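In the working numbering, the protein residues as written are 1 to 129.
Even for Gly, the Cβ is constructed at its ideal location relative to N, Cα and C.
All of these numbers come straight from a predicted model, not from anything done at the bench.
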């Protein structure tokens, strides 16, 4: 799986549409800034067939530190939720993911997990003692 940066995306669009790179860069940056601004104001952004961005609030809660078992207050937080639209969902379903037989996960996901922690031969994670 390749990672595409904003710079690479700008280059591709400018070549495809024969536009100056700086014009495409300004348009994309303006678009991204508008998304951040609208979500910051609590608005919902819906792009038909692509997906929906929505600001969500999570209330304060009491959690537990698993190492010390002490109770910890977690303050309220805001985050962004993205719900995939129909066209993107169809595109993701049309190309089957390569499955890692050891973990049962998609290869991209299993590669990131195995790089973060050791995996036993049966696919379960090794536990620290």
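Apply the 10 Å Cβ neighbour rule to residue i and answer buried if 16 or more other Cβ atoms are within range, or exposed otherwise.
i: residue 39; result: buried
i: residue 22; result: exposed
i: residue 27; result: exposed
i: residue 36; result: exposed
i: residue 24; result: buried
i: residue 10; result: buried
Taking residue i as part of the beta strand (DSSP E), name the residues at either end of that continuous run.
i: residue 46; result: 45-47
i: residue 19; result: It is not in any beta strand (DSSP E) - residue 19 carries neither H nor E in the DSSP assignment.
i: residue 55; result: 51-58
i: residue 67; result: First-last for residue 67: undefined, no H or E at that position.
Any C-beta of chain D sitting closer than 8 Å to the C-beta of residue i?
i: residue 82; result: Any reference to chain D falls outside this structure, which holds one protein chain only.
State the DSSP-derived secondary structure class of residue i, mapped to helix, strand or coil.
i: residue 83; result: strand
i: residue 111; result: Annotation note: pLDDT 48 at residue 111 (below 50); position unreliable, coordinate value reported separately. DSSP places residue 111 in helix when its eight states are reduced to three.
contact_flag[the segment 37-47, the segment 66-73] where n(CB pairs < 8 Å) is 3 or more: no
Count Cβ pairs between the segment 84-93 and the segment 50-68 that sit closer than 8 Å; are there 3 or more? yes
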